[in-house]
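When we follow my numbering, the leftmost residue of the sequence shown carries the number 1311, and every step to the right adds one.
Don't be surprised by glycine CBs; every beta carbon is placed ideally from N, CA and C.
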Amino acid sequence: MDVVVAGAGIAGLSCARELAAAGVTVRVVERGRVAGGRLASKRIDGRYADIGAAYFVADDPGFHALAERWRARGLARPWTDTFSVFPGEPVTGPVRWAAPGGLRSLAEDLAEGLDVRLATVLTTLDVDADAVVLAMPGPQALRLDPPAAVAGAARAQVWQPVIAAVLTYPERVWAELPGAFVNDHPVLATVCDDGDRRGDRAPVLVAHSTAGLARQHLDDPSAAGPVLAKAVGELLGIAAEPAIHAHRWTYAQPQPGGDAAYATDGRVWLAGDAFGKPRVQTAWQSGRAVAQAILQSTVR
Ligand SMILES: Cc1cc2nc3c(=O)[nH]c(=O)nc-3n(C[C@H](O)[C@H](O)[C@H](O)COP(=O)(O)OP(=O)(O)OC[C@H]3O[C@@H](n4cnc5c(N)ncnc54)[C@H](O)[C@@H]3O)c2cc1C
């Protein structure tokens, strides 16, 4: 059996790994020059900063077991269960995990040993394969004109953009954070201490914009950088000017999906974080569920 997986984000990689482990021939094609998708770490001045997912939680037993295996190998670590809230008091929640090498290093670990073709865009579903898995946001899948049920599921997804700004300061001049949710702010949604989560104590904060600010700056994300830097400075009482690197995520966050773990029509499958609570774990679960369903369909 041959399967093509389009998208080397965590959904595509979990799908491909599960299929490969069962002996299926899998080819992963990824539009980007690196694996990871929104599990993204950008090298800035020789250091990786997480510009996509800020952290992950692992309350699914299978994903938690994977997180523990990463932890044993020094690839991931529990970061914090407490986030600041502006305005308000800190909240304690689930343990958030981070990666010393940046979250993309986890995607690279999943990609190890797989046939992953980077900088390769899937442009047609007319490929020589028994199944094609579109492990990507619905709007990106729609560009491939998928069959009706997959197209319907993709169209039903509602996505918000985010602009991430990496703010590098001359030194660490803020109180312990480690991350903060910012409520009812016109431009700022979250800010995280990247030096704290990565564990190297670098003087780097990463701010995520509101969808409103991102929409205004989709054509020119770098213009949103100073806006976010100013908001972070005011929020945390930082007078120093940071160096700023801004990154646009046109499809950053979907609205939470329903109970389905994926959509399918014939030999075409759609996976990703829109199938459930939009987060890293959901994407991993969705990709794995597609693989299990493909494997089931072959033993019938
Ligand atoms: C700013 C931001 C903050 C976030 N914060 C958190 C957080 O704190 N915690 C959390 O759990 N989650 C967070 N998330 C969400 C998390 O990043 C996602 O849930 C997860 O990474 C999605 O994985 P995925 O594989 O479904 O999709 P993606 O990572 O988007 O992967 C899809 C891949 O498909 C590729 N692709 C698209 N079209 C094609 C094509 N035609 N051919 C080939 N390849 C193609 C893309 O290049 C991409 O690599 C955040 C996301 C963003 C953007």
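Item: For A1474 and H1518, believed in contact at Cβ under 8 angstroms, the rounded distance; Value: 5 angstroms
Item: Contact set for A1533: own chain, Cβ-Cβ below 6 angstroms, skip 5 residues either direction; Value: H1527
Item: Local conformation of Q1470 per DSSP, three classes; Value: strand
Item: Neighbourhood of R1610 by C-beta, 6 angstroms cutoff - its chain only, sequence neighbours within 5 removed; Value: Residue placement at R1610 is flagged as unreliable, the pLDDT there being 48, under the threshold of 50; the coordinate-derived value follows with that caveat. Same-chain partners within the cutoff: there are none.
Item: Q1606 - DSSP class collapsed to helix/strand/coil; Value: helix
Item: Status (buried if at least 16 other CB within 10 Å, exposed otherwise) for S1351; Value: buried
Item: G1597 versus G1547: straight-line alpha-carbon distance, rounded; Value: 42 angstroms
Item: Residue of G1582, P1513, V1590 and G1586 minimising C-alpha distance to P1449; Value: G1582
Item: Every unbroken beta strand (DSSP E) inside the stretch 1481 to 1561 [3 residues or more]; Value: 1489 to 1492, 1498 to 1503 and 1514 to 1519
Item: Beta-carbon proximity of V1412 to Y1358, cut-off 8 angstroms; Value: Per the sequence presented here, residue 1412 reads as Gly, with Val not at that position. Going by C-beta atoms, G1412 is nearer than 8 angstroms to Y1358.
Item: Rounded C-alpha distance that separates Y1561 from P1456; Value: 19 angstroms
Item: Where the beta strand (DSSP E) containing A1331 begins and where it ends; Value: Careful: A1331 lies outside any beta strand (DSSP E), inside the alpha helix (DSSP H) at I1320 to A1331.
Item: Minimum C-alpha distance to A1573 - residue among V1501, V1431 and A1603; Value: A1603
Item: P1611 versus A1521, G1567 and L1515, residue with shortest Cα-Cα distance; Value: Residue 1611 lies beyond the residue range present for the chain, which begins at 1311 and ends at 1610; the question has no answer from this structure.
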